[in-house]
Amino acid sequence: MMDTSQNKSSIFSKGEKASPDYFTGNAWVNILVPKDETGKYSIGDVSFEPGCRNNWHTHPAGQVLLVTEGLGIYQEKGKTARQLKKGDVVVIPSHTLHWHGATKDSHFTHIAITNITEKGAVDWLNPVTDEEYAASHA
Ligand code: MN
């Protein structure tokens, strides 16, 4: 069985374990470019173990995902889930309720470019239920 915890082919190192408050399963976040005095965004590398996804959430000024590894899922509330693979780009509009994560059988890594406002960069909501997650694979 492939050792997904090491994720050896990743471009960037795994970084810190993501908060269980906002993720179901194990994920790691490596902040590649923190917001500084010149920036209105941050850039992070996020690695998900198989089955891991983040909570439903919105971004006050949107987000862009660049997929670098594995197989994943992006879903907006009320819409069909989108399967993601290496090379895919997701443009997430402001205030759009969504989640992203790995498929149940694959690790998944994306770079997230997140715009930052005076109201922050993300508003977290409830976890994606097992039923919602299973339905995203249909
Ligand atoms: Mn997002």
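Numbering follows numbering that gives the first Met the number 0, with no gaps: position 73 of the sequence shown is 72. Positions of the beta carbon are idealized from the N, C-alpha and C atoms, including for glycine. A quick note: this is a predicted structure, and the numbers were derived from the prediction, not measured.
Report yes if the C-beta distance between residue i and residue j is below 9 angstroms; otherwise report no.
i, j, result
"residue 104", "residue 59", "no"
"residue 81", "residue 91", "no"
"residue 20", "residue 123", "yes"
Run the proximity test for residue i: is its beta-carbon closer than 8 angstroms to any non-hydrogen atom belonging to ligand 1?
i, result
"residue 64", "yes"
"residue 121", "yes"
"residue 53", "yes"
"residue 30", "no"
"residue 94", "no"
"residue 56", "yes"
Using DSSP's beta-bridge definition, name the partner residues of residue i.
i, result
"residue 73", "81, 99"
"residue 60", "Answer is none; residue 60 lacks a bridge partner."
Since residue i is in the alpha helix (DSSP H), which residue starts that stretch and which ends it?
i, result
"residue 135", "129-135"
Provide the residue span of the beta strand (DSSP E) that contains residue i, from first to last.
i, result
"residue 112", "107-114"
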